[in-house]
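Engineer: Sharing a structure here in structure tokens format.
Residue numbers (this note's numbering), protein chains in the order written: chain C, 1 to 178; chain D, 179 to 478.
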């Protein structure tokens with residue numbers, strides 16, 4: 001029993017000491033919406049993230065205003081009508097990535113679970129992706145669907161045709177050690 | 179004992195995990211440099227009702243505006259409440275940069291052409307750099323082409339010209355509510371000096387309130403600072419302060435503005451210096467602006 005307590009006490013600080021944190025040096029967050037009238041695609045290279053490879057803890061922060069579209073009017077509508085960017089400037093995810101080993105090189109499948117917040121709404125989500133360790137860098141990719149109504153992103157009725165109710169989001173982050 | 183201890187540790191560890199993520203989020207936020215966030219889309223379009231707004235077209239975007247003003251509603255059933263008469267302006271505006279726009283238009287009234295440049299001098303912002311208002315300056319030249327030379331050989335080219343200089347100063351107080359103040363100077367080369375000024379000064383007040391994500395109510399009033407005394411001039415030359423109210427409806431690439439106003443003109447010179455409708459007598463006109471934006475060049 002005593003040994004057990006000692007073991008816990010020894011392990012707990014070692015967890016902190018050995019924690020290896022990586023921060024994103026480049027990122028692409030993009031989405032695609034398959035609309036009846038026109039497809040809408042946008043991409044954002046200004047996101048930030050920190051990944052603790054020891055614990056799997058990960059956080060993302062995505063500035064909504066930095067999504068770039070093919071047409072400037074789409075960007076205006078996206079910010080003004082759908083995301084209400086002045087009220088909700090960022091989307092964030094904080095969670096944990098499991099199913100990977102930081103000692104293995106090459107692409108590994110991994111799972112992420114945590115809280116996704118956007119448009120002022122927080123939802124627990126789980127999603128699948130890949131993690132790859134190589135040359136002191138970490139690459140993390142994922143692809144998932146976001147249902148607009150889950151995040152109270154209303155679609156103005158006059159525009160009901162324009163944006164799909166579910167959009168596909170892709171993320172690609174490259175990290176280097178802090 | 180051990181069971182309790184294990185439960186306790188699991189509880190503790192999971193709380194540490196949550197704490198660790200919050201902490202990581204704080205670290206991330208701390209690493210972000212303070213940014214300047216520009217507040218855009220103060221108004222839906224480049225027009226509030228009749229007058230100009232601080233908005234410019236984004237780089238590479240071309241706006242086509244089709245405007246219509248009908249006759250006076252108080253003309254009654256004989257002219258179908260003014261709908262028999264229709265005045266039209268066709269206009270284009272192009273964003274050379276996100277802040278500099280150039281435009282041309284042609285109004286059916288006096289067959290007038292207008293050309294203008296509009297530059298966003300300052301943008302409302304929060305964050306690293308705080309600035310309370312968006313300021314746009316605009317200069318316009320108008321050329322009346324009616325009557326033409328055959329109809330009146332005495333009119334020179336200079337007689338046909340008039341100029342407008344204005345500064346739009348607007349603040350978006352909330353995402354739904356914006357207000358604009360617009361000092362305007364109008365110069366007309368040739369007027370009937372007994373009844374009209376060559377130089378007119380005016381102060382405009384405009385506002386927008388969004389009632390839904392796609393609809394907004396707009397109002398506008400231009401107060402003339404040096405008007406002629408209407409009691410001393412014949413009816414034909416009496417002019418009034420312009421007032422207008424409109425409903426903006428946005429549908430994808432279109433903005434429809436349905437409006438009522440005592441002004442017939444769709445260019446600033448006519449709105450500010452030549453509004454002939456006396457609101458007290460019910461000289462109100464129905465009108466609309468339809469704008470469609472095309473992306474000519476892809477944004478970077």
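Even glycine gets a Cβ: it sits at the ideal position worked out from N, Cα and C.
Counting only Cβ pairs nearer than 8 Å, list the residues of chain D close to residue 35 (chain C).
Structural biologist: Counted from its first residue, the first chain places residue 35 (chain C) at position 35. Those within 8 Å of residue 35 (chain C) in chain D number zero; the least Cβ separation is about 10 Å.
Engineer: Hey, is residue 94 (chain C)'s beta-carbon within less than 8 Å of any beta-carbon in chain D?
Structural biologist: Along the first chain, read from residue 1 onward, the residue named residue 94 (chain C) stands at position 94. At least one chain D Cβ lies under 8 Å of residue 94 (chain C).
Engineer: Tell me, which residues are paired with residue 102 (chain C) by DSSP?
Structural biologist: Counted from its first residue, the first chain places residue 102 (chain C) at position 102. BP columns for residue 102 (chain C) are empty, so no partner.
Engineer: How far does the alpha helix (DSSP H) with residue 75 (chain C) in it reach, from first residue to last?
Structural biologist: Here residue 75 (chain C) refers to the residue found at position 75 of the first chain. Run containing residue 75 (chain C): 72 to 77, per the alpha helix (DSSP H) assignment.
Engineer: Applying the criterion that 16 or more other CB atoms from any shown protein chain within 10 Å of the CB defines a buried residue, is residue 441 (chain D) buried or exposed?
Structural biologist: Indexing the second chain from 1 puts residue 441 (chain D) at position 263. Its Cβ being crowded by 16 or more others within 10 Å, residue 441 (chain D) is buried.
Engineer: In chain order, what residues of the same chain lie with their CB nearer than 7 Å to the CB of residue 401 (chain D), ignoring the 5 residues before and after it?
Structural biologist: For the purposes of this step, residue 401 (chain D) is taken as the residue at position 223 of the second chain. Result list for residue 401 (chain D): 380, 381 and 419, in chain order.
Engineer: DSSP three-state label for residue 23 (chain C), please.
Structural biologist: Walking along the first chain from the start, residue 23 (chain C) turns up at place 23. If DSSP states are grouped into helix, strand and coil, residue 23 (chain C) belongs with the strands.
Engineer: Kindly indicate which residue of D:225, D:465 and D:237 has the alpha-carbon position closest to the one of residue 75 (chain C).
Structural biologist: Within the first chain, residue 75 (chain C) is the residue found at index 75, counting from 1. The shortest C-alpha separation from residue 75 (chain C) is found at D:237.
Engineer: Whole angstroms is fine: what's the gap from residue 27 (chain C)'s alpha carbon to residue 68 (chain C)'s?
Structural biologist: Here the question's residue 27 (chain C) lines up with position 27 in the first chain. Here the question's residue 68 (chain C) lines up with position 68 in the first chain. So the alpha carbons of these two residues sit roughly 14 Å apart.
Engineer: Does chain C have any CB closer than 8 Å to the CB of residue 471 (chain D)?
Structural biologist: Position 293 of the second chain holds residue 471 (chain D). At least one chain C Cβ lies under 8 Å of residue 471 (chain D).
Engineer: When you compare the CB of residue 496 (chain D) with every CB in chain C, is at least one pair closer than 8 Å?
Structural biologist: Past the edges of chain D, shown from 179 to 478, lies residue 496 (chain D), and the structure says nothing about it.
Engineer: CA-CA distance, residue 397 (chain D) and residue 405 (chain D)?
Structural biologist: Within the second chain, residue 397 (chain D) is the residue found at index 219, counting from 1. Within the second chain, residue 405 (chain D) is the residue found at index 227, counting from 1. Looking at the two C-alpha atoms, the distance is approximately 22 Å.
Engineer: With a threshold of 16 other CB atoms inside 10 Å of the CB of residue 417 (chain D), please say whether the residue is buried or exposed.
Structural biologist: Here the question's residue 417 (chain D) lines up with position 239 in the second chain. Counting Cβ neighbours within 10 Å, residue 417 (chain D) comes out buried, since at least 16 surround it.
Engineer: Under 8 Å, Cβ to Cβ, is there at least one residue of chain D near residue 55 (chain C)?
Structural biologist: One-based indexing of the first chain puts residue 55 (chain C) at position 55. Chain D, which has a Cβ nearer than 8 Å to the Cβ of residue 55 (chain C), makes this yes.
Engineer: Quick one, which of D:360, D:393 and D:285 has its alpha-carbon nearest residue 244 (chain D)'s?
Structural biologist: Position 66 of the second chain, counting from 1, holds the residue named residue 244 (chain D). Answer by Cα proximity: D:285.
Engineer: Give the residues of chain C in contact with residue 353 (chain D), contact being defined as C-beta atoms less than 7 Å apart.
Structural biologist: Locating residue 353 (chain D) in the second chain gives position 175, where the first residue counts as 1. Chain C residues near residue 353 (chain D): 84, 86 and 87.
Engineer: I think residue 445 (chain D) touches residue 464 (chain D), with their Cβ atoms under 8 Å apart; what is that distance to the nearest whole Å?
Structural biologist: For the purposes of this step, residue 445 (chain D) is identified with residue 267 of the second chain, where counting begins at 1. For the purposes of this step, residue 464 (chain D) is identified with residue 286 of the second chain, where counting begins at 1. That belief does not hold up - the Cβ atoms of residue 445 (chain D) and residue 464 (chain D) are roughly 19 Å apart, past 8 Å.
Engineer: Taking the straight line between their C-alpha atoms, what separation do you get for residue 344 (chain D) and residue 317 (chain D)?
Structural biologist: For the purposes of this step, residue 344 (chain D) is taken as the residue at position 166 of the second chain. For the purposes of this step, residue 317 (chain D) is taken as the residue at position 139 of the second chain. If I take the Cα positions, the gap works out to 7 Å.
Engineer: Compute the Euclidean distance between the alpha carbons of residue 132 (chain D) and residue 42 (chain C), then round it to the nearest angstrom.
Structural biologist: The shown model of chain D, from 179 to 478, leaves out residue 132 (chain D), and the question about it has no answer.
Engineer: How about residue 137 (chain C) and residue 175 (chain C): are their beta carbons less than 8 Å apart?
Structural biologist: For the purposes of this step, residue 137 (chain C) is identified with residue 137 of the first chain, where counting begins at 1. For the purposes of this step, residue 175 (chain C) is identified with residue 175 of the first chain, where counting begins at 1. In this structure, residue 175 (chain C) lies closer than 8 Å to residue 137 (chain C) by Cβ.
Engineer: Between which two residues does the beta strand (DSSP E) harbouring residue 481 (chain D) extend?
Structural biologist: No answer is possible for residue 481 (chain D): the residues shown for chain D start at 179 and end at 478.
Engineer: Would you call the CB atoms of residue 147 (chain C) and residue 166 (chain C) closer than 8 Å?
Structural biologist: Counted from its first residue, the first chain places residue 147 (chain C) at position 147. Counted from its first residue, the first chain places residue 166 (chain C) at position 166. Going by C-beta atoms, residue 147 (chain C) is nearer than 8 Å to residue 166 (chain C).
Engineer: Name, please, each residue of chain D whose Cβ falls closer than 7 Å to the Cβ of residue 179 (chain C).
Structural biologist: Given a span of 1 to 178 for chain C in the structure shown, any question on residue 179 (chain C) remains unanswerable.
Engineer: Once DSSP output is grouped into helix, strand and coil, what is the label at residue 338 (chain D)?
Structural biologist: Translated into positions along the second chain, residue 338 (chain D) becomes position 160. Reduced to three states, the DSSP call for residue 338 (chain D) is helix.
Engineer: Using the beta-carbon count (16 or more within 10 Å), is residue 308 (chain D) buried or exposed?
Structural biologist: Within the second chain, numbered from 1, the residue matching residue 308 (chain D) stands at position 130. Exposed, because fewer than 16 other Cβ atoms sit within 10 Å of the Cβ of residue 308 (chain D).
Engineer: If we ignore side chains and look at the alpha-carbon of each, how far apart do residue 51 (chain C) and residue 86 (chain C) end up?
Structural biologist: Taking the first residue of the first chain as position 1, residue 51 (chain C) is located at position 51. Taking the first residue of the first chain as position 1, residue 86 (chain C) is located at position 86. In a straight line, the C-alpha of residue 51 (chain C) is about 28 Å away from that of residue 86 (chain C).
Engineer: Can you grab the Cα-Cα spacing for the pair residue 240 (chain D) / residue 471 (chain D), in whole Å?
Structural biologist: One-based indexing of the second chain puts residue 240 (chain D) at position 62. One-based indexing of the second chain puts residue 471 (chain D) at position 293. Taking the straight line joining both Cα atoms gives about 6 Å.
Engineer: Counting contacts by CB-CB distance shorter than 8 Å, is residue 468 (chain D) in contact with chain C?
Structural biologist: One-based indexing of the second chain puts residue 468 (chain D) at position 290. Output row for residue 468 (chain D): interface = no.
Engineer: Specify, as a first and last residue, the run of the beta strand (DSSP E) that residue 446 (chain D) falls within.
Structural biologist: Numbered from 1 along the second chain, position 268 holds the residue referred to as residue 446 (chain D). No beta strand (DSSP E) holds residue 446 (chain D); the alpha helix (DSSP H) holding it covers 446 to 451.
Engineer: Indicate whether at least one CB of chain D lies closer than 8 Å to the CB of residue 44 (chain C).
Structural biologist: The residue given as residue 44 (chain C) occupies position 44 in the first chain. Closer than 8 Å: no.
Engineer: Between the stretch 443 to 463 of chain D and the stretch 227 to 234 of chain D, can you find at least three pairs of beta-carbon atoms closer than 8 Å?
Structural biologist: The answer is yes - the stretch 443 to 463 of chain D touches the stretch 227 to 234 of chain D, with three or more Cβ pairs under 8 Å.
Engineer: In whole angstroms, give me the CA-to-CA distance for residue 116 (chain C) and residue 436 (chain D).
Structural biologist: Numbered from 1 along the first chain, position 116 holds the residue referred to as residue 116 (chain C). Numbered from 1 along the second chain, position 258 holds the residue referred to as residue 436 (chain D). So the two alpha carbons sit approximately 41 Å from each other.
Engineer: Would you report the Cα separation of residue 208 (chain D) and residue 310 (chain D), rounded to the nearest angstrom?
Structural biologist: For this step, residue 208 (chain D) is matched to residue 30 along the second chain. For this step, residue 310 (chain D) is matched to residue 132 along the second chain. In a straight line, the C-alpha of residue 208 (chain D) is about 26 Å away from that of residue 310 (chain D).
Engineer: Measuring straight from C-alpha to C-alpha, what distance separates residue 392 (chain D) and residue 429 (chain D)?
Structural biologist: For the purposes of this step, residue 392 (chain D) is identified with residue 214 of the second chain, where counting begins at 1. For the purposes of this step, residue 429 (chain D) is identified with residue 251 of the second chain, where counting begins at 1. Taking the straight line from one Cα to the other gives about 7 Å.
Engineer: Mind reading off the beta-carbon distance from residue 281 (chain D) to residue 270 (chain D)? Whole number of angstroms is fine, and I expect it under 8 Å.
Structural biologist: For the purposes of this step, residue 281 (chain D) is identified with residue 103 of the second chain, where counting begins at 1. For the purposes of this step, residue 270 (chain D) is identified with residue 92 of the second chain, where counting begins at 1. Correct: roughly 6 Å between the Cβ atoms.
Engineer: So what does DSSP say about residue 414 (chain D), is it helix, strand or coil?
Structural biologist: Within the second chain, the letter at position 236 stands for residue 414 (chain D). Helix.
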